[in-house]
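Here's the structure we're looking at; comments come further down.
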Amino acid sequence: MTSQSQSAAQATIFIAIELSRTGWLVAVQNASDGRLGRHKLPGGDVDGLVALIERLRLREERRIGGPVEVAACHEAGYDGFWLHRRLVTAGVVSHVIDPTSLQIDRRARRVKTDATDVEALLRTLMAYWRGEPRVCRMVRPPSIDEEDAKRLHRERHRLIKERVAHVNRIKALLATQGIYEYQPLRADRHERLAGLVTANGTSLPPRLRAEVLREVDRLELVLTQLHDV
Numbered sequence: 091m092t093s094q095s096q097s098a099a100q101a102t103i104f105i106a107i108e109l110s111r112t113g114w115l116v117a118v119q120n121a122s123d124g125r126l127g128r129h130k131l132p133g134g135d136v137d138g139l140v141a142l143i144e145r146l147r148l149r150e151e152r153r154i155g156g157p158v159e160v161a162a163c164h165e166a167g168y169d170g171f172w173l174h175r176r177l178v179t180a181g182v183v184s185h186v187i188d189p190t191s192l193q194i195d196r197r198a199r200r201v202k203t204d205a206t207d208v209e210a211l212l213r214t215l216m217a218y219w220r221g222e223p224r225v226c227r228m229v230r231p232p233s234i235d236e237e238d239a240k241r242l243h244r245e246r247h248r249l250i251k252e253r254v255a256h257v258n259r260i261k262a263l264l265a266t267q268g269i270y271e272y273q274p275l276r277a278d279r280h281e282r283l284a285g286l287v288t289a290n291g292t293s294l295p296p297r298l299r300a301e302v303l304r305e306v307d308r309l310e311l312v313l314t315q316l317h318d319v
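Quick note on the numbering used here: the sequence shown kicks off at 91 and runs consecutively.
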């Protein structure tokens, strides 16, 4: 059964959550009278959020005299999908919105605040629930196993970028002395570094040599980790 057909058969509380590290702002539209309310929670207080949702659900069920469904949404971001999973476990129909898909009224000349953001999220969820899928794009949350399976690939991608950065940094340092042929990825990198002289025929300045050696050490750590993944 779709969200839209469920809502026709059962009263629904709509909840939008604006997430930040310091605090969560929760916008709620009641099932009984359609009134809008806002609640503030400390950032990460999922137990407080679940307790709030349960209080709202029980209050509305007493008012209506029947079961009440809860539909919630928040934007995809650095928090991942743990909140979505916790909400689903608590019996909430949870949606994760792709923030890049949200429609923005560029003609609006109001101050952008967390309050206006969360109310816009709430209106988007309600429109989607009514059967307007083009108001936003929902993200399909991966399972825990699916999410974990991507970690090696992501880590390897980051390590490759770090490898490139260290190689470029070493070459840039040596280029200040007219040295262009040194290859940091060669197995004999230490031996070749020990024999380097500047374009003027002098030894590398001691502090520069020490900095290059530290970069080589960091490069070798990255190479070791790349081998492991």
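Every residue, glycine too, gets a C-beta built ideally from N, C-alpha and C.
Quick check: the Cα distance between Phe171 and Pro231, rounded to an integer number of angstroms? By one-based count along the sequence shown, residue 171 stands at place 81. By one-based count along the sequence shown, residue 231 stands at place 141. The alpha-carbon atoms of Phe171 and Pro231 are separated by roughly 6 Å.
| query | Would you say Glu159 and Val183 are within 9 Å of each other, going by their C-beta atoms? | reply | Taking the sequence shown and counting its residues from 1, the one referred to as residue 159 is at position 69. Taking the sequence shown and counting its residues from 1, the one referred to as residue 183 is at position 93. Their beta carbons are under 9 Å apart, which means Glu159 touches Val183 by this criterion.
From the DSSP output, which residues share a beta bridge with Met228? Counted from its first residue, the sequence shown places residue 228 at position 138. The partner list for Met228 (beta bridge, DSSP) reads Ile187.
Tell me, to the nearest whole angstrom, how far the beta carbon of Gly155 is from that of Lys130; I am working on the premise that it is less than 8 Å.
Mapped onto the sequence shown, residue 155 falls at position 65. Mapped onto the sequence shown, residue 130 falls at position 40. Going by Cβ atoms, the distance from Gly155 to Lys130 rounds to 30 Å, so no, they are not a contact pair.
Exercise for the section: Under 6 Å Cβ to Cβ from Gln273, same chain only, skipping five residues before and after it: list those, please. Expected result: Sequence index remark: in the sequence shown, residue 273 carries index 183 (1-based). There are no such residues.
* Asked: Considering only residues of the same chain and omitting the five flanking positions on each side of Val302, which have a CB-CB separation below 8 Å?
  -> Stepping through the sequence shown from its first residue, residue 302 is reached at position 212. For Val302, where only same-chain residues beyond five positions count, the Cβ hits under 8 Å are Ile260, Leu263, Leu264, Leu283, Leu294.
Let me make sure I understand the geometry here. Which of Lys240, Leu192, Thr314 has the alpha-carbon closest to that of Thr214? As a first step, residue 214 is located in the sequence shown; it is residue number 124 there, counting from the start. Measuring from the Cα of Thr214, the nearest candidate turns out to be Leu192.
| said: If you measure between the beta carbons of Leu177 and Val140, is that distance less than 9 Å? | reply: As a working note, residue 177 is residue 87 in the sequence shown. As a working note, residue 140 is residue 50 in the sequence shown. Cβ distance < 9 Å, so Leu177 and Val140 count as in contact.
Next on the checklist: On the criterion of 16 or more Cβ atoms from any shown chain inside 10 Å, does Ala121 qualify as buried, or is it exposed?
Outcome noted: One-based indexing of the sequence shown puts residue 121 at position 31. Buried.
How about Val306 and Glu252: do their beta carbons lie closer than 9 Å? Here residue 306 corresponds to residue number 216 of the sequence shown, with the count starting at 1. Here residue 252 corresponds to residue number 162 of the sequence shown, with the count starting at 1. Not in contact: Val306 and Glu252 (Cβ atoms no closer than 9 Å).
- prompt: Shortest alpha-carbon distance to Leu126 belongs to which of Val287, Ile143, Ile105, Gly291?
  reply: In the sequence shown, the residue the question calls residue 126 occupies position 36. Residue Ile105 is the option with its Cα nearest to Leu126.
Discussion item. Going by DSSP in three states, Gln119 sits in which element: helix, strand or coil?
Written reply: Position 29 of the sequence shown, counted from the start, is the residue given in the question as residue 119. DSSP places Gln119 in strand when its eight states are reduced to three.
ask   = Do you know how far the Cα of Arg276 is from the Cα of Ile234?
value = Taking the first residue of the sequence shown as 1, we reach residue 234 at position 144. Taking the first residue of the sequence shown as 1, we reach residue 276 at position 186. About 39 Å.
Original post:
Is it the case that the Cβ atoms of Ile187 and Ala217 are separated by a distance below 9 Å?
Top reply: Residue 187 sits at position 97 when you count from the first residue of the sequence shown. Residue 217 sits at position 127 when you count from the first residue of the sequence shown. Their beta carbons are not under 9 Å apart, which means Ile187 does not touch Ala217 by this criterion.
Beta-carbon within less than 6 Å of Thr314's beta-carbon, same chain only, minus the 5 sequence neighbours each way: which residues are those?
Counting from one through the sequence shown, the residue named residue 314 turns up at place 224. There are no such residues.
Do Trp219 and Ala161 count as a contact pair if the criterion is CB distance below 9 Å? Position 71 of the sequence shown holds residue 161. Position 129 of the sequence shown holds residue 219. Taking 9 Å as the Cβ cut-off, Ala161 and Trp219 qualify as a contacting pair.
Applying the criterion that 16 or more other CB atoms from any shown protein chain within 10 Å of the CB defines a buried residue, is Gln100 buried or exposed? Working through the sequence shown from its first residue, we reach residue 100 at position 10. Flag for Gln100 reads exposed.
7 Å CB neighbourhood of Leu146 in its chain, flanking five on each side removed: On the sequence shown, position 56 is the one that residue 146 refers to. Excluding positions up to five away in sequence, the list reads Ile103, Val118.
Where DSSP assigns a beta bridge to Gly176, which residues make up the other side? Position 86 of the sequence shown, counted from the first residue, corresponds to residue 176. Per the sequence shown, residue 176 should be read as Arg rather than Gly. Answer is none; Arg176 lacks a bridge partner.
*Considering only C-alpha positions, which residue in the set Gln267, Val319, Ile107, Ala255 is nearest to Arg241?*
Locating residue 241 in the sequence shown gives position 151, where the first residue counts as 1. Cα-wise, what sits closest to Arg241 is Val319.
Give me the Cα-Cα distance between Arg299 and Thr292, rounded to the nearest whole angstrom. Translated into the one-based positions of the sequence shown, residue 299 becomes position 209. Translated into the one-based positions of the sequence shown, residue 292 becomes position 202. Roughly 12 Å separates the two Cα atoms.
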